[in-house]
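For what it's worth, full-length UniProt numbering labels the leading residue of the sequence shown as 1, then goes sequentially.
For every residue, glycine included, the Cβ atom is placed at its ideal position computed from N, Cα and C.
Here's the structure we're looking at; comments come further down.
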Amino acid sequence: MKDKRILYVSSEVVPYLPETEISSMSFEAPRMVNKQGGQIRIFMPRFGNINERRHQLHEVIRLSGINLVINDLDMPLIIKVASIPKERIQVYFIDNEDYFKRKATLTDEDGKLFADNDERAIFFAKGVIETVKKLNWAPDIIHVNGWLASLLPLYLKEFYKTEPLFTESKIVTSVYNQNFEGTLDKDMISKVNFDGLDAKTTELLKQPDYINLMKVAIDNSDAIIRGSKALPDELDTYLNDLTKPVLDYYPIEEFADPYTEFYNNAVLNS
């Protein structure tokens, strides 16, 4: 992976959030590429329960200040950055007072999904892409983790399809067993379609549940990784029927060689 540029976009990354399958792999995979001499950037939301002082987050003024239009509203984009101790890895945080200030991630204290998670997902996807444009950093691979990041492949393939920075970028999505009950806001499809996306590509968002969010990510990716040993049956079948490259699940202590081979042979050469 020497000199390859890989952009990791994840809803959660250790050490900033607790250890889960997603947060652990969103740290270990970039660390692996970094050790191999690759260039990496990690992006995640700046959730309000991330301790900014302890992790030494600071705002990057030259990258902040853009307004992103979400459902006809201007929402200011704030970019913060921190370094993972001992790893020489920078993590960029997508922030906005309305969407990410609350002291929680995706659900309230009763475990109920936040009503604006759909808008947070749109904001996160557009915020990552706009920031990478400002960095003028063209990734060879964009690796997506977690359902809050699931709109990124769709926006790259549709809303930003004429953006030259991403012309050669390959999109990989890891699919995890991170199901949630119910759906996001029923108006999510109209908020996405407000951005002028092709209605055929957003059809699944009429029912914005976990399965359909992941199907949208899968449909707009160039390759898929099974991030969990067991997946919901419907997603399992969906992956089995794909003609694009799919990497089987590997536990965290065994993933390094299969991921490297997959990146080099199945993704970059596809």
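Residues that DSSP places opposite residue i in a beta bridge
i, result
"residue 278", "Because the chain here runs from 1 to 270, residue 278 falls outside it and cannot be looked at."
"A104", "Partner(s): none; A104 has no beta bridge."
"V172", "H143 and A223"
"R53", "Answer is none; R53 lacks a bridge partner."
"I6", "I40 and I141"
"P76", "N67"
"P164", "In the DSSP output, where bridge partners are listed per residue, P164 has none listed."
"P45", "I94"
For residue i, three-class secondary structure by DSSP
i, result
"D110", "coil"
"S150", "coil"
"Y14", "Per the sequence shown, the amino acid found at residue 14 is Val instead of Tyr. In this structure, V14 counts as coil in the three-state DSSP scheme."
"V60", "coil"
"L184", "coil"
"P245", "coil"
"T232", "With the sequence shown as reference, residue 232 is identified as Pro, and Thr is not the correct amino acid for it. Note: P232 maps to coil in three-state DSSP."
"P30", "helix"
"P251", "coil"
"P258", "helix"
"T20", "coil"
"M214", "helix"
"D116", "coil"
"L268", "coil"
"M1", "coil"
Distance, residue j Cα to residue i Cα
i, j, result
"D195", "E19", "35 Å"
"I78", "L165", "22 Å"
"D118", "S270", "31 Å"
"Y249", "A217", "18 Å"
"K112", "K2", "43 Å"
"E109", "V128", "28 Å"
"R5", "D209", "32 Å"
"T237", "G65", "43 Å"
"Y176", "L63", "31 Å"
"K244", "N220", "11 Å"
"G37", "F124", "28 Å"
"W137", "L7", "9 Å"
"K170", "I141", "5 Å"
Exposure of residue i, with buried meaning 16 or more beta-carbon neighbours within 10 Å
i, result
"T173", "buried"
"N264", "exposed"
"G146", "buried"
"I56", "At residue 56 the sequence reads Gln, which differs from the Ile that was named. Label assigned to Q56: exposed."
"E181", "exposed"
"S26", "buried"
"S150", "buried"
"N51", "exposed"
"L148", "buried"
"A230", "exposed"
"Q90", "exposed"
CB contact below 8 Å: residue i versus chain D
i, result
"E203", "Looking at the structure shown, chain D is missing, and only one protein chain is on hand."
Residue i: CB within 7 Å of a non-hydrogen atom of the ligand COA
i, result
"E163", "Here there are no bound small molecules, and the ligand COA is not part of this structure."
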